[in-house]
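For what it's worth, our numbering labels the leading residue of the sequence shown as -12, then goes sequentially.
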Amino acid sequence: MFTGIVEAMGTLVSRTDMGGDSRLVIDTGTLSLASCRTGDSISISGACLTMLDPLENSFAADVSQETLSLTILGGLAEGEKVNLELAMGLHDRMGGHLVTGHVDGLGRLVSRHEDARAERFEFEVPRQLAKYVARKGSVCIDGVSLTVNAAEGLRFE
């Protein structure tokens, strides 16, 4: 489980395609993996993946065709940034929402505008997911858990 509060920005170092799946190597930037081991979960731009060979500031992860097709990871190029969050421990304080990291689909950013001291984003989701988006519910986008302010049809803010 994750909170949807991004801990650090990482960078895709390399991508190796393996029979339809891919192995990604991620540099974690300022996020230390000193306490992590192979098999631990990590959220990469919202997708829960299993760490392979974690070092101090990098790790590998195998990504299935299903995950590649439902997330931004499918179109990610070497050198691009990703949002990272380590999995919560049972003893950790939860500062955000509960996020599983099991991604349901890709949405589209429709608009973005200033709203007082914040910014308001409008997204469009695939028809099959729209019924699950509710006002004052939460949606996780690229690993960032957001509260829904308005929802109508295929769009939400």
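Note that the Cβ used here is the ideal one computed from N, Cα and C, for glycine as well.
Report task. Tell whether a beta-carbon distance below 8 Å holds between T17 and A(-5). Result -> yes
Query raised in the report: Quick one, which of G(-3), R104, D102, M(-12) has its alpha-carbon nearest V167's?
Result: Only positions -12 to 144 of the chain appear in the structure, and residue 167 is not among them; the question remains open.
Report task. Could you pull the start and end residues of the beta strand (DSSP E) that R95 belongs to? Result -> Taken as a continuous stretch (DSSP letters only), the beta strand (DSSP E) holding R95 covers 95 to 102.
**Report entry** Residue burial classification, L60 (beta-carbon count within 10 angstroms, cutoff 16)
**Finding:** buried
Query raised in the report: How about the region 79 to 91 and the region 127 to 139: do they share at least three Cβ pairs that are nearer than 8 Å?
Result: yes
Requested in this report: For V0, count neighbouring Cβ atoms within 10 angstroms of its own Cβ and tell me buried if that reaches 16, exposed if not.
Outcome: exposed
Report task. Would you mind working out which of E139, A117, G94, E53 sits nearest S9, comparing C-alpha positions? Result -> E53
Query raised in the report: Quick one, are the C-beta atoms of F(-11) and S30 less than 8 Å apart?
Result: yes
Report task. Select from L141, L11, E144 the residue whose C-alpha is nearest the C-alpha of E65. Result -> Measuring from the Cα of E65, the nearest candidate turns out to be L11.
Requested in this report: Write down every uninterrupted run of the beta strand (DSSP E) in the region 32 to 61 whose length is 3 residues or greater and which is fully enclosed by it, in chain order.
Outcome: 34 to 37, 45 to 50
Report task. Kindly indicate which three-state DSSP category A138 falls into: helix, strand or coil? Result -> strand
Report task. Could you pull out every residue in the same chain whose Cβ sits closer than 8 Å to the Cβ of V135, ignoring the five residues on either side in sequence? Result -> If we look at V135 and ignore the five residues flanking it on each side, its Cβ neighbours are V120, A121, R122, K123, G124, S125, V126, F143, E144.
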